[in-house]
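Chains A and B, in that order, give the protein sequences. Going by numbering that gives the first Met the number 0, the residue at position 103 of the first sequence is 102; the numbering climbs one at a time, nothing skipped. Going by numbering that gives the first Met the number 0, the residue at position 69 of the second sequence is 68; the numbering climbs one at a time, nothing skipped. Structure first, then comments.
There are 2 protein chains.
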Amino acid sequence: MTIDRFKPIPLHYQITNELRRAIKEGHYRVGDLFPTDKQLMEKYGVSSITVRRAVAALVDEGLLERRPGKGTFVKRETVEETLGKLTGFFEEMKARGYEPSATIIFTGPVEDLAKEIQRVPGLRVFGDAPLYLIEKVQKMNGQPITYLRSYWPFEYGSRLAEEDLEGRGLYELVEEKLGLILERAEQTISAGRAGKKEAGYLQVKTGTPLLIMERVAYAGDRPVELSLNAYRADRYKYRVVLDRNRPRPGSGVIVE
Amino acid sequence: MTIDRFKPIPLHYQITNELRRAIKEGHYRVGDLFPTDKQLMEKYGVSSITVRRAVAALVDEGLLERRPGKGTFVKRETVEETLGKLTGFFEEMKARGYEPSATIIFTGPVEDLAKEIQRVPGLRVFGDAPLYLIEKVQKMNGQPITYLRSYWPFEYGSRLAEEDLEGRGLYELVEEKLGLILERAEQTISAGRAGKKEAGYLQVKTGTPLLIMERVAYAGDRPVELSLNAYRADRYKYRVVLDRNRPRPGSGVIVE
DNA sequence: AAGTGGTCTAGACCACTTA
DNA sequence: AAGTGGTCTAGACCACTTA
Numbered sequence: 000m001t002i003d004r005f006k007p008i009p010l011h012y013q014i015t016n017e018l019r020r021a022i023k024e025g026h027y028r029v030g031d032l033f034p035t036d037k038q039l040m041e042k043y044g045v046s047s048i049t050v051r052r053a054v055a056a057l058v059d060e061g062l063l064e065r066r067p068g069k070g071t072f073v074k075r076e077t078v079e080e081t082l083g084k085l086t087g088f089f090e091e092m093k094a095r096g097y098e099p100s101a102t103i104i105f106t107g108p109v110e111d112l113a114k115e116i117q118r119v120p121g122l123r124v125f126g127d128a129p130l131y132l133i134e135k136v137q138k139m140n141g142q143p144i145t146y147l148r149s150y151w152p153f154e155y156g157s158r159l160a161e162e163d164l165e166g167r168g169l170y171e172l173v174e175e176k177l178g179l180i181l182e183r184a185e186q187t188i189s190a191g192r193a194g195k196k197e198a199g200y201l202q203v204k205t206g207t208p209l210l211i212m213e214r215v216a217y218a219g220d221r222p223v224e225l226s227l228n229a230y231r232a233d234r235y236k237y238r239v240v241l242d243r244n245r246p247r248p249g250s251g252v253i254v255e
Numbered sequence: 000m001t002i003d004r005f006k007p008i009p010l011h012y013q014i015t016n017e018l019r020r021a022i023k024e025g026h027y028r029v030g031d032l033f034p035t036d037k038q039l040m041e042k043y044g045v046s047s048i049t050v051r052r053a054v055a056a057l058v059d060e061g062l063l064e065r066r067p068g069k070g071t072f073v074k075r076e077t078v079e080e081t082l083g084k085l086t087g088f089f090e091e092m093k094a095r096g097y098e099p100s101a102t103i104i105f106t107g108p109v110e111d112l113a114k115e116i117q118r119v120p121g122l123r124v125f126g127d128a129p130l131y132l133i134e135k136v137q138k139m140n141g142q143p144i145t146y147l148r149s150y151w152p153f154e155y156g157s158r159l160a161e162e163d164l165e166g167r168g169l170y171e172l173v174e175e176k177l178g179l180i181l182e183r184a185e186q187t188i189s190a191g192r193a194g195k196k197e198a199g200y201l202q203v204k205t206g207t208p209l210l211i212m213e214r215v216a217y218a219g220d221r222p223v224e225l226s227l228n229a230y231r232a233d234r235y236k237y238r239v240v241l242d243r244n245r246p247r248p249g250s251g252v253i254v255e
């Protein structure tokens with residue numbers, strides 16, 4: 000459970016993971032003084048540079064903050080930081096202090112896979128495995144924000160459908176009930192207009208411009224969800240920060 | 000010019016900047032073996048850990064790549080990396096191997112600032128300084144992709160307007176002619192539909208959905224450009240990668 | 001066998017903060 | 001004066017690559 004000097008995993012890396020776990024489990028409160036470098040050196044029996052490296056990784060992730068002369072502190076993650084990470088709609092709304100909810104429209108297996116792939120070419124990432132569709136409208140303080148079509152491998156999707164999808168976020172349930180950890184996602188942002196169906200769900204006029212996001216979420220290297228989100232563009236925008244030297248994940252894509 | 004042990008700037012930081020400059024100036028070719036850690040230790044008269052730290056920063060920026068047992072190499076930046084950074088349309092298209100061009104629609108001072116701010120509230124970042132507008136259509140291989148309205152403080156804008164804005168990118172010209180370095184930008188992505196004017200410039204029907212980006216670019220802490228881009232959503236999408244642990248700059252924004 | 005980058009130690013000195 | 005994190009040294013051992 001703790002640090003093993005004979006594992007072929009670098010000590011600084013083992014310590015980073017150990018400390019991250021402790022923070023996430025709530026062993027330290029936000030704003031608390033974190034153990035000093037010296038205490039960590041003694042606790043793990045390693046040198047100062049190894050501790051520094053382990054702690055630096057968590058500073059980078061936004062979990063800790065160092066103040067020279069004062070100490071290391073557990074940081075309150077800013078809304079910015081929370082949202083730059085891979086999060087679901089429910090987490091995102093809660094982080095902003097809004098009340099998320101959802102209305103289920105449909106849950107069930109995808110009957111005609113070939114036809115569905117024609118409409119949503121991105122579904123190819125799943126190969127020819129059977130799929131399960133969860134379709135819902137997500138709301139903020141009772142106002143519809145986005146119409147979501149979320150495709151999962153059949154087993155995952157059908158198990159999710161048994162849960163409280165109107166009161167809880169998909170991604171929370173995935174972790175809690177399926178034990179999957181979504182590590183990474185790729186997201187494409189585009190624009191479209193509301194058809195009759197979308198217009199009804201989102202309470203806008205037909206033809207209203209919508210912000211369209213297609214997201215593929217991965218657990219390890221395996222794709223586990225493809226979702227299509229249609230956001231009301233009058234209520235939701237997407238923000239990106241760009242840096243001259245540091246490569247960032249956002250970029251335009253030419254549609255061939 | 001080189002490293003100064005008596006400056007209050009950390010050695011690793013001085014070395015990082017020195018090496019970055021050398022790479023950018025083309026002292027090493029892509030794929031070339033970069034000096035080994037040992038050579039750098041001797042050259043700068045510092046210890047291994049200081050060299051490692053300096054080199055690690057450039058690995059992080061995507062300029063170098065380390066292969067244990069082999070050496071450090073100058074990396075060809077991938078299209079992904081180039082585009083995650085703050086780049087203009089011309090650089091972006093060139094990085095993808097397309098031929099960018101532009102048609103100027105209008106250049107001139109903003110006459111009625113108060114009125115313009117009412118239409119584009121983002122312009123408030125400039126306070127009440129006089130502004131200059133550059134309006135153009137940007138093309139890829141001759142095809143219109145985006146209609147751009149780019150606002151600059153008067154002096155910068157008027158100087159840019161004297162340059163070859165149809166054959167070169169704004170951001171290149173800014174660096175070359177104005178000596179400004181754009182370090183950071185904040186960008187908001189939304190959806191809209193083509194009015195008569197946009198429809199004409201982009202050769203689409205009125206009402207076609209467009210991807211709308213509003214960007215504020217900064218040199219140091221000073222905002223120097225606010226641009227409004229309307230992209231043809233059938234030809235251009237925006238892509239973002241999200242990570243579970245690492246905060247990334249992309250995030251949704253609720254419109255109040 | 002010699003060279004590479006990756007990890008790690010045990011310590012030093014520094015500026016800064018707190019008491 | 002004692003404690004904090006930030007920087008840096010001089011070296012060791014490791015796995016891996018190349019010859």
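C-beta atoms are modelled at their ideal positions from N, C-alpha and C, and glycine is treated no differently. Quantities reported herein were computed from a predicted structural model and do not represent experimental measurements.
Judged by pairs of C-beta atoms under 8 Å, the segment 180–192 of chain B touches the segment 203–218 of chain B, as three or more such pairs exist. Our two residues, residue 127 of chain A and residue 85 of chain A, have alpha carbons roughly 26 Å apart in a direct line. Residue 170 of chain A and residue 64 of chain A have their C-alpha atoms roughly 28 Å apart. Residue 239 of chain B is bridged by DSSP to A:186. For residue 73 of chain B, the secondary structure class from DSSP, reduced to helix, strand or coil, is strand. The DSSP-derived three-state label of residue 8 of chain B is coil.
With fewer than 16 other Cβ atoms inside 10 Å of its own Cβ, residue 20 of chain B counts as exposed. Annotated three-state conformation of residue 210 of chain B is strand, per DSSP.
A straight line joining the alpha-carbon of residue 221 of chain B with that of residue 181 of chain B spans about 10 Å. The Cβ neighbour count for residue 114 of chain B, taken over all protein chains shown within 10 Å, is under 16; the residue is labelled exposed. Just so you know, the alpha carbons of residue 2 of chain A and residue 56 of chain A end up roughly 17 Å apart. For residue 181 of chain A, the chain B residues whose Cβ falls inside 7 Å of its Cβ are 243, in order along the chain. Annotation for residue 134 of chain A: the continuous beta strand (DSSP E) segment containing it runs 130–139. At a cut-off of 8 Å between beta carbons, residue 37 of chain A makes no contact with chain B. Shortest Cα-Cα distance from residue 28 of chain A to any of A:71, A:12 and A:16 involves A:71. Exclusion of the five residues before and after residue 135 of chain B leaves 101, 102, 103, 104, 147 and 164 as the residues of its chain whose Cβ lies within less than 7 Å of its Cβ.
Contact between the segment 107–125 of chain A and the segment 142–157 of chain A is established, with three or more Cβ pairs separated by less than 8 Å. Nearest C-alpha to residue 177 of chain A among A:168, A:159 and A:230: A:159. Annotation: residue 174 of chain B has no Cβ neighbours in chain A at a cutoff of 7 Å; minimum Cβ distance is about 10 Å. Within chain B, 188, 210, 236, 237, 238 and 239 have C-beta atoms less than 8 Å from the C-beta of residue 188 of chain A, given in sequence order.
For residue 174 of chain B and residue 189 of chain B, the gap between their C-alpha atoms comes out near 28 Å. With a threshold of 8 Å between beta carbons, residue 53 of chain A makes no contact with chain B.
For residue 107 of chain A, no alpha helix (DSSP H) encloses it; the enclosing beta strand (DSSP E) starts and ends at 99–108. In the three-state DSSP reduction, residue 167 of chain A falls in the coil class, being neither helix nor strand.
Taking a Cβ-Cβ threshold of 9 Å, none of the residues of chain B is close to residue 21 of chain A; the smallest such distance is about 15 Å. Residue state for residue 226 of chain A is assigned as strand, using DSSP reduced to three classes.
In the DSSP assignment, residue 49 of chain A falls within the unbroken alpha helix (DSSP H) covering 47–60. For residue 206 of chain B, the chain A residues whose Cβ falls inside 7 Å of its Cβ are 206, in order along the chain.
Residue 225 of chain A is classed as buried because its beta carbon has at least 16 other beta carbons within 10 Å across all chains shown. When the five nearest sequence neighbours on each side are left out, the beta carbons in the same chain lying within less than 7 Å of the beta carbon of residue 93 of chain B are those of 99, in order along the chain.
By the rule that beta-carbons nearer than 8 Å mark a contact, residue 85 of chain B touches chain A. Secondary structure at residue 197 of chain A: helix, using DSSP grouped into helix, strand and coil. According to the DSSP assignment, residue 202 of chain A belongs to no alpha helix (DSSP H), since it is labelled neither H nor E. Here the segment 44–51 of chain B lies against the segment 7–15 of chain B, with 3 or more beta-carbon pairs under 8 Å apart. The closest CA to that of residue 233 of chain A, considering only A:202, A:89 and A:239, is found on A:202.
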